[in-house]
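**Student:** According to full-length UniProt numbering, the stretch in the sequence shown is residues 1 to 425, in order.
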Amino acid sequence: MAVNASVEYDYPPLPSYTLTPRPPLLAPIPDNVLALILPIVAYWGLSMVYHLIDIYDLFPQYRLHTPAEVLKRNKVSRWDVVRDVILQQVIQTLAGMSVSYFDVEYIGREEYDIAVWARRLRFAQKAIPRLLAVFGVDALGLSRSLSQNGHAILAGVLAGGQYPGVTRSFVLDSGIEAVVPAFTSWELSMASFIYWCFIPAVQFTVGVFIVDTWQYFLHRAMHLNRWLYVTFHSRHHRLYVPYAFGALYNHPVEGFLLDTAGAGIAFLATRMTNRQSMWFFTCSTIKTVDDHCGYAFPWDPLQHFTHNNAAYHDIHHQSWGIKTNFSQPFFTFWDRLFNTQWEGDVKLRYERSREAAQKKLDQDASSAAASSSEENSYEGPVMSTDAPADSNARARLRRKTVTLSPHVDGLKGVNHGVTSSVLQA
Ligand SMILES: [Zn+2]
Ligand SMILES: [Zn+2]
């Protein structure tokens, strides 16, 4: 027979629990390894979508730069970019695995942890009568009248977390079954919300703040210190016209310090689980790719979620804006706080770069055409057996001219409307 043990228990007792290793989300890949693989998949998946948009020129009206600029202004080939990004991702994966590979996560404590939060809520309610007394409200009197009118839960809250009717049976350590205080359904619902939603949201937000802070100060230092800039960061700035998969094009040391260490510190400091870190690392990666995509899409939610978007970061990649807009990848508050945000209109500056690149491309096309016609006039002697080396060189040039011309015409034909509204930072 159950005995009334509510005298011994001021608070509802906490449930016992048994820990078991958490099964992997995608067996046989351990969750901590999956957390390192998913951002790489997201990086290349999203980059390929942008790359296709780029090469087929599907949305010329939203481009930040023309294809002529992509060809003429960047100081590094796309293949070199791919190679260095893969190198950074390999380093990132090895570093991540060395930190977390042998960590095992356990499950089974969730109900206990939710009950701990429910207890904290019960404890916090104790302050309500005293708090209301400050405003002249008789909480206990109000509670009694509410109780008489059938509002038991509200009466319990006003009385400072007193719910005499809310009990359950519980087996004590002595083996005797007892009636003990229980949590109300609202306390358990709120505790579940805190445990499953609020705490992860706080962890995610703090993680974002840590990454933004880490990246702002390190990135700014890379620009203030000449040695750091020349040795490491100048590599990322070979891209004057950023594109999606150039987002992580860095010197390997910078890639490790800025991206890998920043995300790793945020993960460790906020005590995220591996499942949470899958979201966090993947979201950070997607945001970084989006900031380098080279397009200001009106329908891309990531570009409107904060002021930090592709148009904002693109200014930092220009020679005239390189000492501004250091903030990345999520928010711009550090730039605003330290007055390093680009101010003013950028339309004319973009216009000038666009025209200069087009001019260079036109000059290349006309000199290639001139060489081709000159070559044609020398067709006879070149093909003679006297000069086989010359013959090969001219044949190579002829092939190059043939492939370049249609592309150049294509670039001239499309109207790449980089609108002023898009470029207002
Ligand atoms: Zn920079
Ligand atoms: Zn960049």
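Ideal placement from N, C-alpha and C gives every residue a C-beta, glycine not left out.
How about L14 and Y106: are their beta carbons less than 7 Å apart?
**Tutor:** Cβ atoms of L14 and Y106: not closer than 7 Å.
**Student:** So is N339 buried or exposed if we call it buried at 16+ other beta carbons inside 10 Å?
**Tutor:** It is exposed - the Cβ of N339 has fewer than 16 other Cβ atoms within 10 Å.
**Student:** Assuming V104 is part of the alpha helix (DSSP H), what are its boundary residues?
**Tutor:** Careful: V104 lies outside any alpha helix (DSSP H) and carries neither H nor E.
**Student:** Nearest CA to the CA of E355: which residue from V33, Q61, Y43 and K72?
**Tutor:** Answer by Cα proximity: K72.
**Student:** Tell me where the alpha helix (DSSP H) around F170 begins and ends.
**Tutor:** F170 -> not in any alpha helix (DSSP H); beta strand (DSSP E) instead, spanning T167 to V171.
**Student:** Would V206 pass as a contact of T270 if the rule is Cβ separation under 7 Å?
**Tutor:** Yes, the pair counts as a contact, with Cβ atoms nearer than the cut-off.
**Student:** Let me know if E177 comes out buried or exposed under the rule of 16 or more other beta-carbons within 10 Å of its beta-carbon.
**Tutor:** E177 is exposed by the Cβ-count criterion.
**Student:** I believe R275 touches L25 by the beta-carbon criterion, under 8 Å. Please report the beta-carbon distance rounded to the nearest angstrom.
**Tutor:** That belief holds up - the Cβ atoms of R275 and L25 are roughly 7 Å apart, short of 8 Å.
**Student:** Between the region 248 to 266 and the region 88 to 103, are three or more C-beta pairs nearer than 8 Å?
**Tutor:** Verdict: yes, contact present.
**Student:** Can you grab the Cα-Cα spacing for the pair H307 / Q92, in whole Å?
**Tutor:** In a straight line, the C-alpha of H307 is about 28 Å away from that of Q92.
**Student:** Go ahead and pull the three-state DSSP assignment for T285.
**Tutor:** T285 falls in the helix class under three-state DSSP.
**Student:** If we count the other Cβ atoms within 10 Å of its Cβ and call it buried at 16 or more, is I29 buried or exposed?
**Tutor:** Result: exposed.
**Student:** Could you check the C-alpha separation between L397 and L52 for me, to the nearest Å?
**Tutor:** Confidence is the limiting factor: at L397 the pLDDT is only 37, short of 50, which leaves the residue's position unreliable and the question unanswerable from this model.
**Student:** Could you check the C-alpha separation between D173 and S189 for me, to the nearest Å?
**Tutor:** So the alpha carbons of these two residues sit roughly 28 Å apart.
**Student:** Around ligand 3, what residues have a beta-carbon under 7 Å from a heavy atom of it, in chain order?
**Tutor:** Only ligand 1 and ligand 2 can be found as ligands here, which leaves ligand 3 out of the picture.
**Student:** Less than 6 Å between C-beta atoms, sequence neighbours within five positions excluded: which residues of the same chain meet that for L158?
**Tutor:** Result list for L158: A139, L142 and S143, in chain order.
**Student:** Does the pairing of the region 344 to 354 with the region 221 to 237 give three or more beta-carbon distances under 8 Å?
**Tutor:** Not touching, per the Cβ criterion.
**Student:** Would G161 and K126 be called neighbours here (beta carbons separated by less than 7 Å)?
**Tutor:** Closer than 7 Å, so yes.
**Student:** Checking the sheet assignment: what are the DSSP bridge partners for R63?
**Tutor:** Note: R63 sits in a beta bridge opposite Y295.
**Student:** Using the three-state DSSP reduction, which class does V206 fall into: helix, strand or coil?
**Tutor:** V206: helix per DSSP, three-state reduction.
**Student:** Quick check: what's the CA-CA separation for R238 versus L268?
**Tutor:** So the two alpha carbons sit approximately 32 Å from each other.
**Student:** Alpha carbon to alpha carbon, how far is E187 from V41? Give it in angstroms, no decimals.
**Tutor:** Straight-line Cα distance between these residues: approximately 41 Å.
**Student:** Would you give the residue range spanned by the alpha helix (DSSP H) that V180 belongs to?
**Tutor:** Careful: V180 lies outside any alpha helix (DSSP H), inside the beta strand (DSSP E) at E177 to P181.
**Student:** Quick check: V211 and A266, are their CB atoms within less than 7 Å of each other?
**Tutor:** Against a cut-off of 7 Å, the Cβ pair of A266 and V211 comes out as a contact.
**Student:** So, M97 versus Q203, is the Cβ gap smaller than 7 Å?
**Tutor:** Going by C-beta atoms, M97 is not nearer than 7 Å to Q203.
**Student:** Answer with buried or exposed for F326, where buried requires no fewer than 16 other C-beta atoms within 10 angstroms of its C-beta.
**Tutor:** That one is buried.
**Student:** On the premise that V81 lies in contact with Y229, defined as a C-beta separation below 8 Å, what is that separation, rounded to the nearest angstrom?
**Tutor:** Wrong, their Cβ atoms sit about 19 Å apart, outside the cutoff.
**Student:** Which one or two residues does DSSP pair with I29 in a beta bridge?
**Tutor:** Per DSSP, L26.
**Student:** When the distance is taken between beta carbons, is P39 closer than 7 Å to T288?
**Tutor:** For T288 and P39, no; Cβs fall outside 7 Å.
**Student:** Using only CA atoms, which one of G45, V104, I114 and K323 lies nearest to S16?
**Tutor:** Out of G45, V104, I114 and K323, I114 has the C-alpha closest to the C-alpha of S16.
**Student:** Looking only at its chain, what residues have a beta carbon closer than 6 Å to the beta carbon of C293, apart from the 5 residues adjacent to it on each side?
**Tutor:** Closer than 6 Å at Cβ, skipping near neighbours: Y50, A244 and A310.
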